[in-house]
Amino acid sequence: MLKVVKRPKEYTAIKVPEDCEDIGKLVIKEAKAAGIHLHIATTYYDHADKWITKIDTRDGSHTVNQGSVIVVADFADEYSAYVMSQKDFDNLFKPADELVKASPIVVEADAKKIWDKFAKINAEMSTNIEGVALPDHAGFSESFIAELDKALNDYHQKQARYRGVI
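Residues -5 to 160 (the numbering used here) are what the sequence shown spells out, left to right.
Have a look at this one:
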């Protein structure tokens, strides 16, 4: 079972291995683990001497074979399952954790202006903090407030050293 994406929705997919002996058991186990409610029917056919697993969907009942993929929308009801081949699945879906890769964009700019503006913003931000005031009902002990005050003073001293003031 894995999470897959077909924008803008996310789906849960259950892949049936090519060498799976008991398809019905695998599908039931994976659906239960994923919290998916599926209408699954497993039937034994004497004349073919094999078990057939079918899943009820909105457009009828579909047979699940070895190598099939069952796809269910994460927000949907139990009839929103799709059964498809591995090839169709690979064409339609991408793993949810696969990052979208974009080509790098090169922007030519005067780096000195940007760094100067960044330094100005950084300097303004570090001097805007003057103290910590907490209401009496906050439930903090005086020792905790003293520790916060000490940490703030240490921060100001480090900032001053970094700017070369001290």
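Where a beta carbon is used, it is the ideal one built from N, C-alpha and C, also for glycine.
Exercise. Does the beta carbon of Lys48 sit closer than 8 angstroms to a beta carbon anywhere in chain C?
Worked result: Of the chains in the structure shown, none is chain C; there is only one protein chain.
Problem set entry | Three-way DSSP call (helix, strand, coil) for Lys3 in this model | Position 9 of the sequence shown, counted from the start, is the residue given in the question as residue 3. The answer is strand: DSSP assigns Lys3 an E or B state.
Exercise. Under 8 angstroms, do Lys44 and Thr57 count as touching if we go by C-beta distance?
Worked result: Translated into positions along the sequence shown, residue 44 becomes position 50. Translated into positions along the sequence shown, residue 57 becomes position 63. Their beta carbons are not under 8 angstroms apart, which means Lys44 does not touch Thr57 by this criterion.
For this session: Identify whether Ile160 lies in helix, strand or coil by the three-state DSSP scheme.
Result: Here residue 160 refers to the residue found at position 166 when the sequence shown is read from its first residue. Residue confidence for Ile160 is low, a pLDDT of 49 falling below 50, so the modelled location carries little weight and cannot support an answer.
Exercise. Ends of the alpha helix (DSSP H) at Asp171?
Worked result: As displayed, the chain neither begins before -5 nor continues past 160, which places residue 171 out of reach and without an answer.
Problem set entry | C-alpha gap between Ala27 and Ser79, whole angstroms | Along the sequence shown, one-based indexing puts residue 27 at 33. Along the sequence shown, one-based indexing puts residue 79 at 85. Using only the alpha carbons, I get a separation of about 22 angstroms.
Problem set entry | Residues near Ile30 by beta carbon distance below 7 angstroms, same chain, minus five either side | Looking up residue 30 in the sequence shown gives position 36. These residues qualify, in order along the chain: Thr6 and Val66.
Exercise. Who are Ala154's beta bridge partners in DSSP?
Worked result: Against the sequence shown, residue 154 aligns to sequence position 160. For Ala154, which the question treats as bridged, DSSP gives no partner whatsoever.
Problem set entry | Span separating the alpha-carbon of Ile34 from that of Asn59 | In the sequence shown, counting from the first residue as 1, residue 34 sits at position 40. In the sequence shown, counting from the first residue as 1, residue 59 sits at position 65. Using only the alpha carbons, I get a separation of about 13 angstroms.
Problem set entry | Cβ distance (whole Å) where Val10 is taken to contact Gly54 below 8 angstroms | Start at 1 with the first residue of the sequence shown, and residue 10 comes out as number 16. Start at 1 with the first residue of the sequence shown, and residue 54 comes out as number 60. Not really, about 19 angstroms apart at Cβ, beyond 8 angstroms.
For this session: Using alpha carbons as the reference points, say which of Tyr39, Ile46 and Arg52 lies closest to Cys14.
Result: If you number the sequence shown from 1, residue 14 lands on position 20. Taking only the C-alpha atoms, the option nearest Cys14 is Ile46.
Exercise. Name the DSSP bridge partner or partners of Asp50?
Worked result: Within the sequence shown, the letter at position 56 stands for residue 50. Answer by DSSP bridge pairing, in chain order: Ser55.
Problem set entry | Alpha carbon of Lys114 to alpha carbon of Lys23, nearest angstrom | Against the sequence shown, residue 114 aligns to sequence position 120. Against the sequence shown, residue 23 aligns to sequence position 29. So the alpha carbons of these two residues sit roughly 60 angstroms apart.
Exercise. Skipping 5 residues on each side, what residues in its chain have a beta carbon closer than 7 angstroms to that of Ser74?
Worked result: The count along the sequence shown starts at 1 and reaches residue 74 at position 80. Result list for Ser74: Arg52, Val66 and Ala67, in chain order.
Exercise. By how many angstroms is the C-alpha of Ile139 removed from the C-alpha of Leu32?
Worked result: By one-based count along the sequence shown, residue 32 stands at place 38. By one-based count along the sequence shown, residue 139 stands at place 145. Straight-line Cα distance between these residues: approximately 56 angstroms.
Exercise. Taking just the CA atoms, how far does Phe112 sit from Asp50?
Worked result: Along the sequence shown, one-based indexing puts residue 50 at 56. Along the sequence shown, one-based indexing puts residue 112 at 118. Distance between the alpha carbons of Asp50 and Phe112 is about 60 angstroms.
Problem set entry | Residue environment, Ala25, which counts as buried when at least 16 other CB atoms sit within 10 Å | Taking the first residue of the sequence shown as 1, we reach residue 25 at position 31. Buried, by the Cβ-count rule.
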